[in-house]
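Residue numbers (this note's numbering): 2 to 349.
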């Protein structure tokens, strides 16, 4: 017996992208009676005949599961063109992405790799009935190839985030949460945070998979876990999201800012990409472009607990209204129902 939808996520629940853009929606599908299967990407051998045979087995498995499915949903996986053609044959294909996967953080791919990635991505975009883009920059890219593109930001279950109550406490905790691959973005703020530390009793809280040190700035490093991340965010008085402005960062979906805001923590972020849509400058926090602006906004929030509380409350409401799981579920459901058939109603 088959299922309504075959989901092909980029990873399991340990990956934030799959956890927030796909897996957290599945209980709502179950409540509607929509049946589904989730197939995680296999761990293929690095090279040689073992990789070839494992790849052929995976292709065969996907074709069989697709035959038993009414729709296929691919989350950010760039499968070979021939596989996409088989998966899209006789059933709707949906594709979701929340990164600028047509480039790379350092834009250092070889010409061959770049051409292969672009060919696979552009092909799946053109084959998909609907493409789901995590921000407007990605939506604009996908629209060059796709028939229908829906902008759906990355969202979270706002009910899991208690509201931060801001108080006059010392030190003032300026926080950052994220993977160590993005430590360089935070390190670029070193001179600004060093100047801030000379003016206020502050501590930089870094929640990550590795320690980060910053000369002249008191730093507390805590290891990220899914179980403790919300509690760690609630320890912050101000949330930081610095990053440069380049093709890779424009594709980011601002989830770090959304997490801070859900907890009622005002955010200061770089005026790049989705941040400009998420954070209403001067209301929920600040979008800044220069070191002087970073320092000015940090000083404004460090020196005024009432401002932190007021901005944090506005930020929390912003997430509840526009970046919560509740706000996204109807959009997600409509995409799936359109794929399954406008007249389709799941059997109960």
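Every residue gets a Cβ at the ideal spot worked out from N, C-alpha and C, and that includes glycine.
Cβ-based neighbour list, residue i, same chain, cut-off 7 angstroms, excluding 5 preceding and 5 following
i, result
"residue 165", "235, 264, 265, 266, 313"
"residue 254", "99, 135, 136, 154, 155, 275"
"residue 124", "82, 85"
"residue 19", "10, 11, 12, 13, 76"
"residue 336", "95, 131, 133, 151"
"residue 119", "103"
"residue 126", "96, 132, 143, 146, 147"
"residue 30", "37"
"residue 169", "306"
Bridge partner(s) assigned by DSSP for residue i
i, result
"residue 110", "Answer is none; residue 110 lacks a bridge partner."
"residue 152", "134"
"residue 242", "270"
"residue 288", "270"
"residue 192", "Partner(s): none; residue 192 has no beta bridge."
"residue 158", "Partner(s): none; residue 158 has no beta bridge."
"residue 7", "38, 73"
"residue 325", "157"
"residue 98", "134"
"residue 178", "208"
"residue 1", "It is not possible to answer for residue 1, since the shown part of the chain is limited to 2 through 349."
"residue 282", "286"
Backbone CA spacing between residue i and residue j [nearest angstrom]
i, j, result
"residue 242", "residue 90", "42 angstroms"
"residue 349", "residue 37", "Its pLDDT being 34, under 50, residue 349 is placed unreliably by the model, and the measurement read from it follows with that caveat. In a straight line, the C-alpha of residue 349 is about 14 angstroms away from that of residue 37."
"residue 237", "residue 309", "11 angstroms"
"residue 88", "residue 342", "17 angstroms"
"residue 163", "residue 317", "10 angstroms"
"residue 257", "residue 171", "24 angstroms"
"residue 132", "residue 109", "26 angstroms"
"residue 184", "residue 213", "7 angstroms"
"residue 122", "residue 105", "14 angstroms"
"residue 107", "residue 277", "23 angstroms"
"residue 338", "residue 3", "17 angstroms"
"residue 232", "residue 226", "10 angstroms"
"residue 173", "residue 240", "11 angstroms"
"residue 325", "residue 28", "15 angstroms"
"residue 22", "residue 39", "14 angstroms"
"residue 35", "residue 59", "25 angstroms"
"residue 142", "residue 340", "22 angstroms"
"residue 218", "residue 252", "30 angstroms"
"residue 329", "residue 67", "26 angstroms"
"residue 260", "residue 157", "8 angstroms"
"residue 293", "residue 299", "10 angstroms"
"residue 301", "residue 228", "32 angstroms"
"residue 112", "residue 247", "19 angstroms"
"residue 41", "residue 74", "12 angstroms"
"residue 200", "residue 55", "59 angstroms"
"residue 52", "residue 115", "21 angstroms"
"residue 288", "residue 128", "37 angstroms"
"residue 182", "residue 224", "14 angstroms"
"residue 43", "residue 138", "30 angstroms"
"residue 315", "residue 220", "28 angstroms"
"residue 311", "residue 323", "19 angstroms"
"residue 57", "residue 281", "49 angstroms"
Beta-carbon proximity list for residue i, same chain, < 6 angstroms, skipping 5 on both sides
i, result
"residue 140", "134, 150, 152"
"residue 24", "14"
"residue 1", "No statement about residue 1 is possible, as the shown extent of the chain runs from 2 to 349 and does not include it."
"residue 351", "Examination of residue 351 is not possible in this model, given that the chain is present from 2 through 349 alone."
"residue 63", "none"
"residue 354", "There is simply no residue 354 to check, as the chain begins at 2 and stops at 349 in what is shown."
"residue 159", "263, 320, 321, 325"
"residue 222", "207, 212"
"residue 26", "333"
"residue 186", "243, 244"
Residues of its chain near residue i, where Cβ-Cβ distance is below 8 angstroms and the 5 sequence neighbours each way are ignored
i, result
"residue 296", "193, 196, 197"
"residue 216", "191, 195"
"residue 144", "150"
"residue 70", "3, 4, 5, 6, 7, 38, 92"
"residue 79", "102, 118, 121, 122, 125"
"residue 189", "243, 245"
"residue 331", "none"
Nearest-angstrom Cβ-Cβ length linking residue i and residue j, presumed shorter than 8 angstroms
i, j, result
"residue 81", "residue 130", "Wrong, their Cβ atoms sit about 20 angstroms apart, outside the cutoff."
"residue 230", "residue 279", "Going by Cβ atoms, the distance from residue 230 to residue 279 rounds to 18 angstroms, so no, they are not a contact pair."
"residue 283", "residue 269", "In fact, because the Cβ distance is near 11 angstroms, the residues do not count as touching under 8 angstroms."
"residue 203", "residue 303", "7 angstroms"
"residue 17", "residue 249", "Contact doesn't hold; Cβ gap of about 17 angstroms is too wide."
"residue 210", "residue 167", "With a Cβ gap of about 28 angstroms, residue 210 and residue 167 do not count as contacting."
Length-filtered (4 minimum) alpha helix (DSSP H) runs lying within the stretch 196-252: 230-235, 248-251, all fully within the stretch 196-252.
Segments assigned beta strand (DSSP E), at least 3 residues, entirely inside the stretch 39-94: Complete beta strand (DSSP E) runs here, min 3: 70-76.
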